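Trainee: If you scroll down you'll find the structure; I have some questions about it.
In our numbering, the protein residues as written are -13 to 534.
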């Protein structure tokens, strides 16, 4: 069971890399103000959860949720753009751009932007030239030129200044994650630092400078090599390639292909930023110990100047239903592993919660599910579902590990299918149904007490075009699900059309990216930018002690 849990964790990581549809209509530019909408749900384990949602005139969505359980605030910026939006010839761009948005701006992370700029511009030109050059000798020559310009540029750069400023205001947990559909930047901080945090986060997405790119690309290379060393990552990439035959969910990888990572383009990265990182495609999330009415004028002050921009129409990718049992076999794992993939509802579909209940009946934390019983009875080594409702398509995947000795994947598949099909046939224990509903209900309510969890759920709701009241209604929706709902949805999605993916023992050659032997880059670790000096002048609120 422990091994299977590890595999499921890895599966989850492959859908979001950390350092996760109804198209919103453009706002009428004549609108002078937009009313705030408040959504409230009563929780059993805490006070009511209130969420205020409104838009600035530039289209930026603001989502505020007060939670006064502890003196802390979770803040984040979420963008409706991810790996699926990578250009076909520049895969991995959304991910390594996420890395670069920690490097500062024309004022932040530099002691002299005008002097630094000429070297940054030259680096841009050299990377564009590198992408057009195939000759290995010429490529090495260009790489050395990039290294020389990087050394000169870094005489003016201040590494990690963004991180230092967050820490200086008591901030913690600074991170970001890139998924197929969204990218999220976030951290936590003390309530009295909220104006400084708003100032800093509004600034970091204005006029960013992708400095120290060559050095950061080496970090991405290390990530790519690390994922290649864990057999499950390339295995799941191969599975998705067969599952999504047209869509970037399967035809591109979040971290990018080796060929594209060797030929990055800063020019294309800026195009990506200018296209998708616009206020009408972004949301500001604030959860925690603050007063919504007091913070709204500050949000307008710092984010109101962002400029609205029309979004391009995304391409549509038509994925056909599987025709019966489609089979794919590879040799990519140290042990036999199987996966059954079914097409299921995309994000925001009303039947999404029913699929969650179906899968919980099959496997859950208490190990009372039908698949759990197969493992407890030693009928196979492992089996568990994983549900990924992406914005364009959903997938429910059942990972299968047969017994090491004496059991074929075909036999393990039949055992798992038999348990899945019990849902279709209505062979359902009512007590188990109520038990898993209560478990999902309880977990959601307890998790919503956490600023971080609530903030990430609100960010996900925005990224998925999910209505906030639908998110907060999750416990009620779960408890309303009946046996008839389970049978209906299981028949609709867990039918005879699916992908059967087998991996037998095999150790394919691992292709890795060699890091060039560049000269080390010296940086100004103790310097301070003009922006940092100005931020220090932004007033902090008076800290309010809480007595227990």
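The beta-carbon is built from N, C-alpha and C at its ideal position, and this holds for glycine as well. Since this is a predicted model, take the numbers as computed values, not measurements.
Around the Cβ of residue 371, are there at least 16 other Cβ atoms within 10 angstroms (buried) or fewer (exposed)?
Mentor: Locating residue 371 in the chain shown gives position 385, counting from the first residue. Flag for residue 371 reads buried.
Trainee: Report all residues from its chain with a CB closer than 7 Å to the CB of residue 488; omit the five preceding and five following residues, and keep chain order.
Mentor: If you number the chain shown from 1, residue 488 lands on position 502. Excluding positions up to five away in sequence, the list reads 315, 324, 395.
Trainee: Which partner residues of residue 93 appear in the DSSP bridge assignment?
Mentor: Translated into the one-based positions of the chain shown, residue 93 becomes position 107. Residue 93 pairs with nothing; no bridge assigned.
Trainee: Are there 16 or more other CB atoms within 10 angstroms of the CB of residue 51, so buried, or fewer, so exposed?
Mentor: As a working mapping, residue 51 is identified with position 65 in the chain shown. Per the 10 Å Cβ criterion, buried.
Trainee: Is residue 447 helix, strand or coil by DSSP?
Mentor: Along the chain shown, read from residue 1 onward, the residue named residue 447 stands at position 461. Helix, per DSSP.
Trainee: So, for residue 412: in the same chain, excluding its five sequence neighbours on each side, which residues have a beta-carbon less than 6 Å away from its beta-carbon?
Mentor: Counting from 1 along the chain shown, the entry for residue 412 is found at position 426. These residues qualify, in order along the chain: 473.
Trainee: Entirely within the segment 217 to 279 and at least 4 residues each: give me those alpha helix (DSSP H) ranges in chain order.
Mentor: Whole alpha helix (DSSP H) segments, 4+ residues: 218 to 229, 234 to 237, 244 to 248, 252 to 262.
Trainee: Indicate, with yes or no, if the ligand NAP has a heavy atom lying under 7 Å from the CB of residue 253.
Mentor: The ligand NAP is not among the ligands present in this structure, which contains no ligands whatsoever.
Trainee: Residue 315 lies in the beta strand (DSSP E); which residues open and close that run?
Mentor: Translated into the one-based positions of the chain shown, residue 315 becomes position 329. That run of the beta strand (DSSP E) goes 311 to 319.
Trainee: Please state if the CB of residue 425 and the CB of residue 337 are separated by a distance shorter than 8 Å.
Mentor: As a position in the chain shown, residue 337 is number 351, starting the count at 1. As a position in the chain shown, residue 425 is number 439, starting the count at 1. With contacts defined by Cβ atoms closer than 8 Å, residue 337 and residue 425 do not form a contacting pair.
Trainee: From 137, 162, 140, 500, pick the residue whose C-alpha is nearest to that of residue 149; which is it?
Mentor: Numbered from its first residue, the chain shown carries residue 149 at position 163. The shortest Cα separation from residue 149 among 137, 162, 140, 500 belongs to 162.
Trainee: Is residue 42 near residue 189, with beta carbons less than 8 Å apart?
Mentor: Within the chain shown, the letter at position 56 stands for residue 42. Within the chain shown, the letter at position 203 stands for residue 189. No, these two residues do not count as a Cβ contact at 8 Å.
Trainee: Can you give me the C-alpha to C-alpha distance between residue 220 and residue 345, rounded to a whole angstrom?
Mentor: Position 234 of the chain shown, counting from 1, holds the residue named residue 220. Position 359 of the chain shown, counting from 1, holds the residue named residue 345. In a straight line, the C-alpha of residue 220 is about 25 Å away from that of residue 345.
Trainee: Tell me the DSSP bridge mates of residue 473?
Mentor: In the chain shown, residue 473 corresponds to position 487, counting from 1. Answer is none; residue 473 lacks a bridge partner.
Trainee: If you reduce the DSSP assignment to three classes, tell me which class residue 87 lands in.
Mentor: To locate residue 87, count along the chain shown from 1; it is residue 101. When secondary structure is reduced to three states using DSSP, residue 87 falls in the coil class, being assigned neither helix nor strand.
Trainee: By a C-beta neighbour count over all protein chains shown, 10 Å radius and 16 as the cutoff for buried, is residue 176 buried or exposed?
Mentor: Against the chain shown, residue 176 aligns to sequence position 190. Buried, by the Cβ-count rule.
Trainee: For residue 65, which three-state DSSP category applies?
Mentor: In the chain shown, residue 65 corresponds to position 79, counting from 1. It is a strand residue.
Trainee: So, do the segment 265 to 277 and the segment 53 to 61 have three or more beta carbon pairs nearer to each other than 8 Å?
Mentor: As far as the Cβ criterion goes, the segment 265 to 277 touches the segment 53 to 61, which means the pair count is three or higher.
Trainee: Under 8 Å, do residue 44 and residue 292 count as touching if we go by C-beta distance?
Mentor: Here the question's residue 44 lines up with position 58 in the chain shown. Here the question's residue 292 lines up with position 306 in the chain shown. Against a cut-off of 8 Å, the Cβ pair of residue 292 and residue 44 comes out as a contact.
Trainee: Suppose only complete runs of 3+ residues qualify. What are the beta strand (DSSP E) ranges in the segment 146 to 218, listed by chain order?
Mentor: 158 to 165, 169 to 175
Trainee: Looking only at its chain, what residues have a beta carbon closer than 7 Å to the beta carbon of residue 125, apart from the 5 residues adjacent to it on each side?
Mentor: The residue labelled residue 125 in the question sits at position 139 within the chain shown. So the qualifying residues of the chain are 116, 119.
Trainee: Going straight from the alpha carbon of residue 254 to that of residue 242, what length do you get?
Mentor: For the purposes of this step, residue 254 is identified with residue 268 of the chain shown, where counting begins at 1. For the purposes of this step, residue 242 is identified with residue 256 of the chain shown, where counting begins at 1. One C-alpha to the other measures close to 14 Å.
Trainee: DSSP three-state label for residue 290, please.
Mentor: On the chain shown, position 304 is the one that residue 290 refers to. If DSSP states are grouped into helix, strand and coil, residue 290 belongs with coil.
Trainee: Return the CA-CA distance between residue 280 and residue 180, expressed in angstroms with no decimal places.
Mentor: To locate residue 280, count along the chain shown from 1; it is residue 294. To locate residue 180, count along the chain shown from 1; it is residue 194. Near 11 Å, if we compare the C-alpha coordinates of residue 180 and residue 280.
Trainee: Given a threshold of 16 other Cβ atoms within 10 Å of its Cβ, counted over all protein chains shown, does residue 446 qualify as buried or as exposed?
Mentor: Walking along the chain shown from the start, residue 446 turns up at place 460. Label assigned to residue 446: buried.
Trainee: Relative to the alpha-carbon of residue 224, which residue among 311, 495, 239, 334 has its alpha-carbon at the smallest distance?
Mentor: Position 238 of the chain shown holds residue 224. The residue with the shortest Cα to Cα distance from residue 224 is 239.
Trainee: In the DSSP assignment, find the unbroken alpha helix (DSSP H) run with residue 513 in it and report its ends.
Mentor: Here the question's residue 513 lines up with position 527 in the chain shown. Element bounds for residue 513: n/a, residue is neither H nor E.
Trainee: Does DSSP classify residue 127 as helix, strand or coil?
Mentor: Within the chain shown, numbered from 1, the residue matching residue 127 stands at position 141. Three-state DSSP puts residue 127 in a helix.
Trainee: Are the CB atoms of residue 317 and residue 491 nearer to each other than 8 Å?
Mentor: Translated into positions along the chain shown, residue 317 becomes position 331. Translated into positions along the chain shown, residue 491 becomes position 505. Yes; because the gap between Cβ atoms is below 8 Å, this pair is in contact.
Trainee: Considering only the beta carbon of each residue, do residue 475 and residue 387 sit closer than 8 Å?
Mentor: Looking up residue 475 in the chain shown gives position 489. Looking up residue 387 in the chain shown gives position 401. Going by C-beta atoms, residue 475 is not nearer than 8 Å to residue 387.
Trainee: Is it the case that the Cβ atoms of residue 448 and residue 201 are separated by a distance below 8 Å?
Mentor: Numbered from 1 along the chain shown, position 462 holds the residue referred to as residue 448. Numbered from 1 along the chain shown, position 215 holds the residue referred to as residue 201. Not in contact: residue 448 and residue 201 (Cβ atoms no closer than 8 Å).
Trainee: Taking the alpha carbon of residue 442 as the reference point, which residue from 75, 72, 164, 154 has its own alpha carbon closest?
Mentor: Here residue 442 refers to the residue found at position 456 of the chain shown. The shortest C-alpha separation from residue 442 is found at 164.
Trainee: If you draw a straight line from the C-alpha of residue 517 to the C-alpha of residue 234, how long is it?
Mentor: Sequence index remark: in the chain shown, residue 517 carries index 531 (1-based). Sequence index remark: in the chain shown, residue 234 carries index 248 (1-based). Rounded to whole angstroms, residue 517 to residue 234 spans 39 Å at the Cα level.
Trainee: What are the boundary residues of the alpha helix (DSSP H) that residue 117 is part of?
Mentor: As a working mapping, residue 117 is identified with position 131 in the chain shown. Residue 117 -> alpha helix (DSSP H) spans 99 to 118.
Trainee: Locate the alpha helix (DSSP H) running through residue 48, then write down its first and last residues.
Mentor: For the purposes of this step, residue 48 is identified with residue 62 of the chain shown, where counting begins at 1. Taken as a continuous stretch (DSSP letters only), residue 48 belongs to no alpha helix (DSSP H), being part of the beta strand (DSSP E) at 47 to 52.
Trainee: Along the alpha helix (DSSP H) that carries residue 370, what are the first and last residues, could you check?
Mentor: Residue mapping note: residue 370 aligns to position 384 of the chain shown, counting from 1. Residue 370 -> not in any alpha helix (DSSP H); beta strand (DSSP E) instead, spanning 368 to 375.
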